[in-house]
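Line order of the protein sequences matches chains A and B.
For the first sequence, the residue numbers in the working numbering are 11 to 316.
For the second sequence, the residue numbers in the working numbering are 43 to 333.
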Amino acid sequence: MDNRKRKLGIRMWRARYIYLLLLPYVVWLLIFHYGPMYGLLMAFKKYSARLGVWRSPWIGFANFKRIFITPGSVTAIKNTFLISFGRILFQFPFPIMLAIMITEMRGTKLKRVYQTIFTFPHFLSWVVVGAILTSFLSSNGGINTMLANMGMDKINFLSDSRNFLILLFASANWKGMGWSAIIYMAAIAGIDPTLYDAAKVDGASRLQQIRHITLACIRATIAIVLILDVGHIMSAGFDQIFNMRNPVVSNSVQILDTYVYDITFLATPDYGFSTAVGLFKAVINFAVLLLANKIVHIISGERMIG
Amino acid sequence: MKIKRKRYDGVDISCFVCLTIFALLIIVPFWNAVVISLETYSAYIRNPMAWVPGEFTWDNFEYLLKQSNGLIVAYANTIKVAVIGTLSGMLISIMAAYAFSQEFPGKKPLFYLMLLTMFFGGGLIPTYLLVKNLGLIDKHAAIILLSLTSTYNIIVMKNGFESIPRDLPEAAMIDGANELTIFARIMIPLQKPMIATFSLFTIVGYWNSWYWPMLVLNDSRKTVLQIFLRSLIASASQNVSMESAAMEEFQTYTLGIQMAAVIAVILPIMMVYPFLQKYFVKGVLVGGVKM
Chain A
11 MDNRKRKLGI
21 RMWRARYIYL
31 LLLPYVVWLL
41 IFHYGPMYGL
51 LMAFKKYSAR
61 LGVWRSPWIG
71 FANFKRIFIT
81 PGSVTAIKNT
91 FLISFGRILF
101 QFPFPIMLAI
111 MITEMRGTKL
121 KRVYQTIFTF
131 PHFLSWVVVG
141 AILTSFLSSN
151 GGINTMLANM
161 GMDKINFLSD
171 SRNFLILLFA
181 SANWKGMGWS
191 AIIYMAAIAG
201 IDPTLYDAAK
211 VDGASRLQQI
221 RHITLACIRA
231 TIAIVLILDV
241 GHIMSAGFDQ
251 IFNMRNPVVS
261 NSVQILDTYV
271 YDITFLATPD
281 YGFSTAVGLF
291 KAVINFAVLL
301 LANKIVHIIS
311 GERMIG
Chain B
43 MKIKRKRYDG
53 VDISCFVCLT
63 IFALLIIVPF
73 WNAVVISLET
83 YSAYIRNPMA
93 WVPGEFTWDN
103 FEYLLKQSNG
113 LIVAYANTIK
123 VAVIGTLSGM
133 LISIMAAYAF
143 SQEFPGKKPL
153 FYLMLLTMFF
163 GGGLIPTYLL
173 VKNLGLIDKH
183 AAIILLSLTS
193 TYNIIVMKNG
203 FESIPRDLPE
213 AAMIDGANEL
223 TIFARIMIPL
233 QKPMIATFSL
243 FTIVGYWNSW
253 YWPMLVLNDS
263 RKTVLQIFLR
273 SLIASASQNV
283 SMESAAMEEF
293 QTYTLGIQMA
303 AVIAVILPIM
313 MVYPFLQKYF
323 VKGVLVGGVK
333 M
């Protein structure tokens, strides 16, 4: 036993430089990631700034019960699910289609130019993208002028809640689709080319090849991306909604994250309740991620975790 | 001999048409913003969808530079945050990634300590209170520290270090080099491409960060570009709803000025992106390998 301890001591002494290299990161991790986790106690307390986190009185799950009886948070939960579900339906498939089209397209030079264009918006913030698209889509903006010039009716993109919802999905695709396609393109590039040659010999058309070879071979990648997307079901895109919403539609796109922001920074804050909403969101996200992982594993044999 | 050329079939044509439409959908709103920023407000009112500026002017950019000193201050602050943040963030994560690529007592628990933060965290309010309690409100240090590095970056870089053949550092060890010399003289130079890629991502991340700056930086002298842009746009749209009383004020933040601010904020990214695109793409692919 003593011998073992001494050996551990020697091994640790040998690794002293490793610990030195790791030290700044671990200190940062403890302060900026584990520090806030201590603050999660607020969710179970009636927090008062005067008493601080530790001395504020415990109130059990009262803050969590409030989530389900406060009209604002109930609406936010509904909207969050609705928008997340919409994103999986109307955003998730597009990068796959884009990746297939780019790989099927001929002309290497044009391909490269297009890819630069497609991936560029990913590197802009939603502040910037929101500003550009809002100006372009406003009632007197570029696109409505074009419609009017062609003798068509103007479309109210920004202040009609149904149109705004469609705009959310469309603009997220506008910004992120090209970037998300990269992972699928890499998967397609890894497919054994002899599979296609064999299919050609058998007389398969290009569409059949896409369906039975390309899509079949990138199934694993599709599954992993889907699991990750579903794992964010409670985060319905704060950055985008926060930067594109306006007073007319803000109620119909109030998601949990914008709700927490609004009640904390635009009203008299109740930190305990806000923390509870945040914790509720994180726990559901994590649970759904594990569940999605399990379901996808049962269906297709692919999995991401475990 | 005749070279046989394959004819274009339906798939080729539909791919080309779809991709061209999508490319135009991305370019047109951008181009529209550029045109608006380079024309007078009255020209914009006459034709909001001009393909070239109706009445060319630099006024909008001049206004940003002269009348509102916010842009210059925000630029300087953003560069400061991005440079310090990227240098210190990369340093700390390279060191950690290298350490995790080695064997040492306590590696597993420390690794799980890091991994957990990928799936779970304190969230908005506890983090905000932490920043407040540390006295970091209105300090650039808050912005730098909050997004210094990520678990994802460290894991991918750790895999990079692990891919280096073992005999290389061992040979240096026999020659009398210690752990730190090996790290600085052998391991880091070998990982230069990966370090460059992650530095790019980090610097763009700082350039685009707006959420924590919005919460933490109230002092206008501390503002960063994204916040400058946000407040410029927000005050313009507020004035629209206030109508006549504030009309004069509204005129100072015309759409031309707003779009000029947009262009000013994204200009550096726009200039370098076409040349660095392949490094960004490499970055996402290197992360594609399983952990």
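Backbone N, C-alpha and C define an ideal beta-carbon position, used for all residues, glycine too.
- Sequence-distant Cβ neighbours of A:Gly117 in its own chain, meaning closer than 6 angstroms and more than five residues away, do not exist here.
- At least one beta carbon of chain A lies nearer than 9 angstroms to the beta carbon of B:Asn89.
- Judged by beta-carbon spacing, A:Asn253 lies beyond the 9 angstroms limit of A:Leu168, meaning their Cβ atoms are not closer than that value.
- Per DSSP, the unbroken alpha helix (DSSP H) holding B:Tyr154 starts and ends at 149–161.
- Scanning chain A for C-beta atoms nearer than 9 angstroms to the C-beta of B:Trp252 yields Ser135, Trp136, Val137, Asp249, Asn253, reported in chain order.
- For the pair A:Ala209 and A:Ile223, the CB atoms are nearer than the 9 angstroms cut-off.
- For B:Ile308, the C-beta contacts it makes with chain A under 7 angstroms involve Leu134, Val138, in order along the chain.
- Exclusion of the five residues before and after A:Ala246 leaves Thr90, Ile93, Ser94, Ile265 as the residues of its chain whose Cβ lies within less than 6 angstroms of its Cβ.
- Residue state for A:Glu114 is assigned as helix, using DSSP reduced to three classes.
- Listed in chain order, the non-local C-beta contacts of A:His132 below 8 angstroms within the same chain comprise Lys185, Gly186, Gly188, Trp189, local neighbours out to five positions each way being set aside.
- B:His182 and A:Phe42 have their C-alpha atoms spaced approximately 15 angstroms apart.
- Against chain A, the CB of B:Tyr315 has a partner CB under 9 angstroms away; the residue lies at that interface.
- Look at A:Met22: its C-beta is under 9 angstroms from a C-beta on chain B.
- For B:Glu145, the three-state secondary structure derived from DSSP is coil.
- Straight-line measurement puts the Cα of A:Pro103 at about 29 angstroms from the Cα of B:Tyr253.
- The Cβ neighbour count for B:Val258, taken over all protein chains shown within 10 Å, is at least 16; the residue is labelled buried.
- Listed in chain order, the alpha helix (DSSP H) elements of length 4 or more contained wholly in the region 67–115 of chain B are 83–88, 101–108.
- Spanning the alpha carbons of A:Thr129 and B:Val77 requires a straight line of approximately 22 angstroms.
- Separation of the CB atoms of A:Ile251 and A:Leu178 is rounded to 7 angstroms, and the pair is thereby assigned contact status at 8 angstroms.
- Taking 8 angstroms as the upper bound for CB-CB distance, A:Arg76 and A:Phe290 are not in contact here, some 11 angstroms apart.
- Rounded to the nearest angstrom, the gap between the Cα atoms of A:Trp23 and A:Arg16 is 10 angstroms.
- If you draw a 10 Å sphere on the C-beta of B:Leu106, you find 16 or more other C-beta atoms in it, and that means buried.
- DSSP, reduced to helix, strand and coil, places A:Lys55 within a strand of the structure shown.
- Contact between the region 209–220 of chain A and the region 269–288 of chain A is absent, with fewer than three C-beta pairs closer than 8 angstroms.
- Per DSSP, the beta-bridge partners of A:Trp68 are A:Lys55.
- When the five nearest sequence neighbours on each side are left out, the beta carbons in the same chain lying within less than 8 angstroms of the beta carbon of B:Asp101 are those of Thr82, Gly298, in order along the chain.
- Between B:Ile186 and B:Ser241, the C-beta spacing is not below 9 angstroms.
- The region 224–240 of chain B makes no contact with the region 301–314 of chain B; the number of CB pairs closer than 8 angstroms stays below 3.
- Restricting attention to A:Val240, A:Phe146, A:Trp64, A:Arg21, the CA atom closest to the CA of A:Ile98 is found in A:Val240.
- Sequence-ordered contacts of the region 284–295 of chain A with chain B read Ser284, Thr285, Gly288, Leu289, Lys291, Ala292 [C-beta pairs closer than 8 angstroms].
- Interface flag for B:Phe98 against chain A is unset, since no Cβ pair is found closer than 9 angstroms.
- Around A:Leu30, the same chain offers no residue with a beta carbon nearer than 7 angstroms, after the five sequence neighbours per side are excluded.
- Note that the C-beta distance between B:Asn250 and A:Ser181 is not below 9 angstroms.
- Contact annotation: in the region 97–121 of chain B, no residue has its CB less than 7 angstroms from a CB in chain A.
- The Cβ atoms of B:Leu271 and A:Ala141 sit closer than 9 angstroms to each other.
- Residues of chain B with a Cβ closer than 7 angstroms to the Cβ of A:Thr80 do not exist, since the nearest Cβ in that chain sits about 16 angstroms away.
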